[in-house]
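Chemist:
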Amino acid sequence: MKASLRVAVVSVAPIILLPNVRAQVTYERVLNASREPQNWLTYSGNYKSWRYSTLDQINTSNVRHLATQWVFQSASLGQFETTPLVVDGVLYGTGQDNRAFALDARTGRAIWRYQRHLPEKVQACCGMVNRGFAMLGDKLFMSTLDAHVLALDSKTGNVVWDVQAADYRQAYVFTVAPLLVKDKIIVGVAGGEYGVRGFIDAYYADSGKRAWRFYTVPGPGEPGHETWAGDSWKTGGAPAWITGSYDPELNLVYWPTGNPSPSNYGGERGGDNLYSNCMLALDADTGKLKWHYQFTPHDLHDYDSTQIPVLLDANWQGRSRKLLLHANRNGFVYVLDRTDGTFLSAKAFGNLTWAKEIGSDGRPVIAPRSEPTAEGVRVCPGALGATNWFSPSYDPQTGWLYVASSEECDVFSAAPQKYHEGHDFLGSVYVPASGEKASGALQALDPFTGEKKWEFKYASPPWGGVLSTAGGVVFAGDSDGNFTAMDARTGKDLWHIQLGAAVYSSPISYSLDGRQYVVIPAGAALFAFALAEN
Amino acid sequence: MRGNGLVRGVRFLILAGVVCFPMACQEKMNPLAGDPAAIKEGASLFRTDCSPCHGLNARGGGRGPDLTSGLWIHGGSDVAIFQTINQGIPGTEMPANSFEDSETWALVAYLRAVSSGEHAPVAGDRAKGEQIFWGKGQCAQCHMVRGRGGRLGPELTRVWAARSVAYLAESIREPDKELSLGMTDPNNHYVIPMEYETVTAMTHDGRRIIGVAKNEDTFSIQLLGQDDELHLFLKKDLREVVHERRSLMPAYTEQMLSKEELRDLLCYLVNLREE
Chain P
1 MKASLRVAVV
11 SVAPIILLPN
21 VRAQVTYERV
31 LNASREPQNW
41 LTYSGNYKSW
51 RYSTLDQINT
61 SNVRHLATQW
71 VFQSASLGQF
81 ETTPLVVDGV
91 LYGTGQDNRA
101 FALDARTGRA
111 IWRYQRHLPE
121 KVQACCGMVN
131 RGFAMLGDKL
141 FMSTLDAHVL
151 ALDSKTGNVV
161 WDVQAADYRQ
171 AYVFTVAPLL
181 VKDKIIVGVA
191 GGEYGVRGFI
201 DAYYADSGKR
211 AWRFYTVPGP
221 GEPGHETWAG
231 DSWKTGGAPA
241 WITGSYDPEL
251 NLVYWPTGNP
261 SPSNYGGERG
271 GDNLYSNCML
281 ALDADTGKLK
291 WHYQFTPHDL
301 HDYDSTQIPV
311 LLDANWQGRS
321 RKLLLHANRN
331 GFVYVLDRTD
341 GTFLSAKAFG
351 NLTWAKEIGS
361 DGRPVIAPRS
371 EPTAEGVRVC
381 PGALGATNWF
391 SPSYDPQTGW
401 LYVASSEECD
411 VFSAAPQKYH
421 EGHDFLGSVY
431 VPASGEKASG
441 ALQALDPFTG
451 EKKWEFKYAS
461 PPWGGVLSTA
471 GGVVFAGDSD
481 GNFTAMDART
491 GKDLWHIQLG
501 AAVYSSPISY
511 SLDGRQYVVI
521 PAGAALFAFA
531 LAEN
Chain U
1 MRGNGLVRGV
11 RFLILAGVVC
21 FPMACQEKMN
31 PLAGDPAAIK
41 EGASLFRTDC
51 SPCHGLNARG
61 GGRGPDLTSG
71 LWIHGGSDVA
81 IFQTINQGIP
91 GTEMPANSFE
101 DSETWALVAY
111 LRAVSSGEHA
121 PVAGDRAKGE
131 QIFWGKGQCA
141 QCHMVRGRGG
151 RLGPELTRVW
161 AARSVAYLAE
171 SIREPDKELS
181 LGMTDPNNHY
191 VIPMEYETVT
201 AMTHDGRRII
211 GVAKNEDTFS
221 IQLLGQDDEL
231 HLFLKKDLRE
241 VVHERRSLMP
251 AYTEQMLSKE
261 ELRDLLCYLV
271 NLREE
């Protein structure tokens, strides 16, 4: 009786829309993500991948008053690599072991949690990690460690669709945050340690049906196949495990690729090994290759080019051009023309010994005695690179590119290795050069001249990326567990906090109730900071 | 790819005992024993999967013991080594592995090829060595054995399992040659472990504190000083932090420690096993 009475009361109550309930995420919203800085709608903040927030409530003069607002525990250790999305007061993140969650972005309280049941023998070279969601409508898209792509319902975390992209038993793995473009989501596979054949896939967001696939190692008869000796293409690697960028005018997706397999030994994969270590420009609708540029042909040092491509329209030597900036793991920061892939410049931003320079033809001039040998040879940067997958940031106020970098050299050895499906396929090993102390820095670079404007030294090589903001503050986490706010123009440490675990992600910012938040994961936790209210 | 380096991950550590299964305990031999191709494959696998902990040539690394000494703490039969590789050692950092059987046998073949066979006893006087350790040698000022001794250098109760006699001898004569590794941050999967190098912190008021760094980041340093005390500093309160690639341990030359005394000391350390 009581229950039915309550139903009756509810049924006549007027429907009140809460003020923060908005329309669903549309492609147009993602396209114009920079117009709604209160949200964070795509992995790198916008399609140009600037990881720049126009919010300026937190600025150089008040950032010292930052205070923790909430902490969310993902309940799983390991590297917490997510870049959360924030949409109209709800924060959506992925965690270790293919966990996922939605939080009240004001309090950090969970709305739902999800965890994928993974098979036992997933081969993730570098941790059971995931870097985040893409979103369209009321669906969240996530790639999984067992090589599936999922759509989750944004209000419940329920699985809407689930498609298998590849066979995890052959060491195909996804860790990437998908990129939404129009009605499709795009993902790239990982597995360069295991001799996979890399690919980039697009799936229709509504159904999960595959729209196209681009193999990053061309098969027989395809252009580029001739850059692989014998059957080496079959286990050629060239994975694509970091999120690309998109130019809506050119309708091109820019997606970087990783190392050829086996990474250290090239004796059986003679040739340039296309399209390993490339920037690919793919037609967003068809996946057809428009152009490619290879940063490190026939790589022998594991220099994946899986770093975020930053798109910029600027004057280049007196001419307005559509540019692509790329701070590469091999130690050079590149400028390309993104309409056709024309090489414009490459400047060293770290200590490197593998190449003397990048020639005017865009090919590296390889230094003598840099090829790995049976005994081992010391080469800089080390295999983990002058930088790595963690995000750079472009700040339009300074015009500088902020890049977390490592100072580390390795001894690379090489040996032939028999391929076994699903097993490591490295062609020997690299180890840190004996007696050398590795370190790192956050660098502010003039991307055109390569000039270092400032650097903030880290005690250890970093695994955390950068956020720049209109308040003139850049935020970055380091491997020693510090989350630091620096003056974008000087690199001065304005505020920092010890989070208790290495940071393996890049920060984001959003606003709610008129307050700007900055969010960073570390260890098993997600931390949210804002200016103290008093 | 290796966005992050698997090679630096823990893959292969042999530290503790192997469970002997009734079937496996029969005298099963390595089917690939002595096979040159298998040894080569084993060497390649070892480099990729085992060397991060056990060192490039199996002579011990920061986390795993020397595997060339002929001392097999957890069973030295082919089957026992096979089991150790496959199943790991519970309670230690040695994980289970998922090699094909043929790969595991190739690893065993490789280890046999680089190991010195029987673990030779050290000729020397253990009692005299013990006296040197706790007395004349002043080793106990910085090293601890079974809860007694100093803290500045590595704890040595189980050093007999971790390092070969040759390595120990070298460390005594030339401690700067290869600095021992200290703490690894479990939250930082790719970091190189801290080393026992000499660190000097200089304060603004002119004090100099010399010791080893237990930890350090951009903003702070945690030192264990030669006074056996912890010194915790914010770097902004320091004038300078100087790192020197040398050990705080003196090099024990023949004048300080004769050949015979060195043998005695080694005999003591190796025979800590028996205590």
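Residue numbers (our numbering), protein chains in the order written: chain P, 1 to 534; chain U, 1 to 275. For every residue, glycine included, the Cβ atom is placed at its ideal position computed from N, Cα and C. None of these values were measured; they are calculated from a predicted model.
1) So, does the CB of L426 (chain P) fall closer than 8 Å to a CB anywhere in chain U?
2) DSSP has Q164 (chain P) in a bridge; who is on the other side?
3) Thinking C-alpha only, which one of P:G230, P:G427 and P:A488 is nearest K453 (chain P)?
4) Taking 6 Å as the limit between beta carbons, can you name the residues of its chain near L67 (chain U), skipping five residues before and five after?
5) List, in chain order, every chain U residue whose beta-carbon is nearer than 7 Å to that of V429 (chain P).
6) Have a look at P:Y92, P:A124 and P:G191 and flag the residue whose alpha-carbon is nearest the alpha-carbon of M142 (chain P).
7) In chain order, which continuous runs of the beta strand (DSSP E) of length 3 or greater are located wholly inside the segment 28 to 106 of chain P?
8) Just the chain P side, please: which residues come within less than 7 Å of D264 (chain U) by C-beta, in chain order?
9) Name, please, each residue of chain P whose Cβ falls closer than 9 Å to the Cβ of Y196 (chain U).
10) With a threshold of 6 Å on Cβ separation, who are the neighbours of I39 (chain U) within its own chain once the five nearest residues in sequence on each side are excluded?
11) Among P:F349, P:R131, P:I520 and P:A367, whose alpha-carbon lies nearest the alpha-carbon of V176 (chain P)?
12) Using 8 Å as the limit for Cβ to Cβ distance, is W463 (chain P) near chain U?
13) At which residues does the alpha helix (DSSP H) containing E261 (chain U) begin and terminate?
14) Run through the DSSP bridge pairs and tell me what D283 (chain P) is partnered with.
15) Is the segment 404 to 416 of chain P close to the segment 447 to 466 of chain P, with three or more CB pairs under 8 Å?
16) Please report the straight-line C-alpha distance between Y275 (chain P) and A80 (chain U), rounded to a whole angstrom.
17) If you draw a straight line from the alpha carbon of F101 (chain P) to that of V86 (chain P), how long is it in whole angstroms?
18) Please classify S345 (chain P) as buried or exposed, where buried requires at least 16 neighbouring CB atoms within 10 angstroms.
19) Flag this pair as touching only if the segment 142 to 162 of chain P and the segment 219 to 228 of chain P have three or more C-beta atom pairs under 8 Å; answer yes or no.
20) Strictly under 8 Å for the Cβ-Cβ distance: is F82 (chain U) near chain P by that measure?
21) In chain order, what residues of the same chain have a beta carbon less than 6 Å from the beta carbon of G45 (chain P), not counting five sequence neighbours either side?
22) Output the distance between the C-alpha atoms of L250 (chain P) and T339 (chain P), rounded to the nearest integer angstrom.
23) With burial defined as no fewer than 16 other Cβ atoms inside 10 Å of the residue's Cβ, what is the status of E421 (chain P): buried or exposed?
24) With a threshold of 8 Å between beta carbons, is N351 (chain P) in contact with chain U?
25) Excluding sequence positions up to five away, which residues of its chain have a Cβ less than 8 Å from the Cβ of T26 (chain P)?
26) Run through chain U and tell me which residues come within less than 7 Å of D480 (chain P), C-beta to C-beta.
27) Nearest to R169 (chain P) by alpha carbon, out of P:P178, P:D201, P:P119 and P:W112?
28) Hey, could you find the ends of the beta strand (DSSP E) V217 (chain P) is sitting in?
29) Between G75 (chain U) and E130 (chain U), what straight-line distance do the alpha-carbon atoms span, to the nearest angstrom?
30) Counting only Cβ-Cβ distances shorter than 9 Å, please list the residues of the segment 237 to 255 of chain U near chain P, keeping chain order.
31) Would you grab the beta carbon distance between D88 (chain P) and N39 (chain P) for me? Rounded to a whole angstrom, and I think it's under 8 Å.
32) Could you spell out the range, first to last residue, of the beta strand (DSSP E) harbouring Q443 (chain P)?
33) With a 10 Å radius around its C-beta and 16 neighbouring C-beta atoms as the bar for buried, classify K234 (chain P) as buried or exposed.
34) Can you find at least 3 beta carbon pairs, one from the segment 52 to 62 of chain P and one from the segment 468 to 481 of chain P, that sit closer than 8 Å?
35) Quick check: the Cα distance between Y430 (chain P) and V411 (chain P), rounded to an integer number of angstroms?
36) Would you decide whether E197 (chain U) is buried or exposed? Buried here means 16 or more other CB atoms lie within 10 Å of its CB.
Modeler: Let's see:
1) Position 426 of the first sequence, counted from the first residue, corresponds to residue 426 (chain P). Yes, L426 (chain P) lies at the interface with chain U (some Cβ there is under 8 Å from its Cβ).
2) Numbered from 1 along the first sequence, position 164 holds the residue referred to as residue 164 (chain P). Answer is P:H148, bridged to Q164 (chain P).
3) Locating residue 453 (chain P) in the first sequence gives position 453, counting from the first residue. It is P:A488 whose Cα lies nearest to the Cα of K453 (chain P).
4) Taking the first residue of the second sequence as 1, we reach residue 67 (chain U) at position 67. For L67 (chain U), where only same-chain residues beyond five positions count, the Cβ hits under 6 Å are H54, A58 and L111.
5) Numbered from its first residue, the first sequence carries residue 429 (chain P) at position 429. The answer, in chain order, is V7, R47, T48 and S51.
6) Locating residue 142 (chain P) in the first sequence gives position 142, where the first residue counts as 1. Minimum Cα distance to M142 (chain P) is reached at P:Y92.
7) 66 to 73, 85 to 87, 90 to 94 and 99 to 104
8) On the second sequence, position 264 is the one that residue 264 (chain U) refers to. The contacting residues do not exist; D264 (chain U) stays about 31 Å from chain P at best.
9) Locating residue 196 (chain U) in the second sequence gives position 196, where the first residue counts as 1. Within 9 Å Cβ-Cβ: nothing; Y196 (chain U) doesn't reach chain P, min ~13 Å.
10) Against the second sequence, residue 39 (chain U) aligns to sequence position 39. For I39 (chain U), where only same-chain residues beyond five positions count, the Cβ hits under 6 Å are A109, Y110 and A113.
11) To locate residue 176 (chain P), count along the first sequence from 1; it is residue 176. It is P:R131 whose Cα lies nearest to the Cα of V176 (chain P).
12) Along the first sequence, read from residue 1 onward, the residue named residue 463 (chain P) stands at position 463. Yes, its Cβ sits closer than 8 Å to a Cβ of chain U.
13) Position 261 of the second sequence, counted from the first residue, corresponds to residue 261 (chain U). K259 to V270 is the span of the alpha helix (DSSP H), which, as asked, contains E261 (chain U).
14) The residue given as residue 283 (chain P) occupies position 283 in the first sequence. Looking at the DSSP assignment, D283 (chain P) forms a beta bridge with P:L252.
15) yes
16) Residue numbering aside, residue 275 (chain P) sits at position 275 when the first sequence is read from its first letter. Residue numbering aside, residue 80 (chain U) sits at position 80 when the second sequence is read from its first letter. Approximately 45 Å between the Cα atoms of the pair.
17) Translated into the one-based positions of the first sequence, residue 101 (chain P) becomes position 101. Translated into the one-based positions of the first sequence, residue 86 (chain P) becomes position 86. Roughly 12 Å separates the two Cα atoms.
18) Numbered from 1 along the first sequence, position 345 holds the residue referred to as residue 345 (chain P). Buried: at least 16 other Cβ atoms inside 10 Å.
19) no
20) Locating residue 82 (chain U) in the second sequence gives position 82, counting from the first residue. Cβ-Cβ to chain P under 8 Å: no for F82 (chain U).
21) If you number the first sequence from 1, residue 45 (chain P) lands on position 45. Same-chain partners within the cutoff: R51.
22) Locating residue 250 (chain P) in the first sequence gives position 250, where the first residue counts as 1. Locating residue 339 (chain P) in the first sequence gives position 339, where the first residue counts as 1. Distance between the alpha carbons of L250 (chain P) and T339 (chain P) is about 7 Å.
23) If you number the first sequence from 1, residue 421 (chain P) lands on position 421. Exposed is the call here.
24) Position 351 of the first sequence, counted from the start, is the residue given in the question as residue 351 (chain P). For N351 (chain P), the answer is no, since every Cβ of chain U falls outside 8 Å of its Cβ.
25) Here residue 26 (chain P) corresponds to residue number 26 of the first sequence, with the count starting at 1. So the qualifying residues of the chain are L136 and G137.
26) Looking up residue 480 (chain P) in the first sequence gives position 480. Simply D217 and T218.
27) One-based indexing of the first sequence puts residue 169 (chain P) at position 169. Out of P:P178, P:D201, P:P119 and P:W112, P:P119 has the C-alpha closest to the C-alpha of R169 (chain P).
28) As a working note, residue 217 (chain P) is residue 217 in the first sequence. Note, V217 (chain P): premise wrong, no beta strand (DSSP E); not H, not E.
29) For the purposes of this step, residue 75 (chain U) is taken as the residue at position 75 of the second sequence. For the purposes of this step, residue 130 (chain U) is taken as the residue at position 130 of the second sequence. Those two C-alpha atoms are separated by around 28 Å.
30) H243 and R245
31) As a first step, residue 88 (chain P) is located in the first sequence; it is residue number 88 there, counting from the start. As a first step, residue 39 (chain P) is located in the first sequence; it is residue number 39 there, counting from the start. So it is a contact: roughly 7 Å between Cβ atoms.
32) Indexing the first sequence from 1 puts residue 443 (chain P) at position 443. Q443 (chain P) -> beta strand (DSSP E) spans S439 to L445.
33) Position 234 of the first sequence holds residue 234 (chain P). Exposed, because fewer than 16 other Cβ atoms sit within 10 Å of the Cβ of K234 (chain P).
34) yes
35) As a working note, residue 430 (chain P) is residue 430 in the first sequence. As a working note, residue 411 (chain P) is residue 411 in the first sequence. So the alpha carbons of these two residues sit roughly 5 Å apart.
36) Walking along the second sequence from the start, residue 197 (chain U) turns up at place 197. Burial call: buried.
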